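Single-structure report; data block below.
Residue numbers (our numbering): 240 to 421.
Shown next, in the form of structure tokens:
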């Protein structure tokens, strides 16, 4: 007697009983009168097909994931709990974090990223306009620099020897100036 025949024989004896060993193939006799509008009939239907759930290692929690249903509030809550635990266990003091926040705010790129994180990222159409505007500014400045032979100069520190073109002599830097070299 094959496994399929044994499964059919067990099903004929008691259709609600689960077989001891689930086989790879199943024969299903559909109920003659099943009405999905009657919740009392659902339990029989669930018990009847319980063996298929067991055979395929499915459970009720993965069923929601298979149907594409996700609990957005639960995910957000889990994320908030994780972020709060990371912040609570940071090895940095509050003064260091406030100093770091001030330094990041001083940097234009970091300040913009922080603003976008708080307020939300702009639409893609707005990003294209910002990109075009920045590209135009960059092209204008590069054209100006090329025409006027502008080049980046290295920073000077006290004690450095420099050439003074007006007097055609060398000099020593005494202190740093607050404005950058141009």
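Ideal placement from N, C-alpha and C gives every residue a C-beta, glycine not left out. Given the structure is predicted, the values throughout are model-derived calculations rather than measurements.
Taking C-beta atoms under 8 Å as the contact rule, residue 412 and residue 394 fail to qualify, at a distance of about 10 Å. Spanning the alpha carbons of residue 391 and residue 385 requires a straight line of approximately 12 Å. For residue 352, there is no enclosing beta strand (DSSP E); the enclosing alpha helix (DSSP H) covers residues 347–358.
Rounded to whole angstroms, the gap between the alpha carbons of residue 405 and residue 381 is 28 Å.
If the five residues before and after residue 329 are omitted, its C-beta is found closer than 8 Å to the C-beta atoms of 336, all from its own chain and listed in chain order. Cβ contact annotation for residue 383 (same chain, cutoff 8 Å, sequence separation greater than five): 389, in chain order. Contact check for residue 353 and residue 343: beta-carbon distance about 6 Å, within the 8 Å limit, so the pair qualifies.
In the three-state reduction of the DSSP assignment, residue 313 falls in the helix class, which pools H, G and I. DSSP places residue 411 in the uninterrupted beta strand (DSSP E) bounded by 408–411.
Between residue 414 and the set 403, 276, 407, 397, the nearest pair of CA atoms involves 397. Our two residues, residue 355 and residue 363, have alpha carbons roughly 13 Å apart in a direct line.
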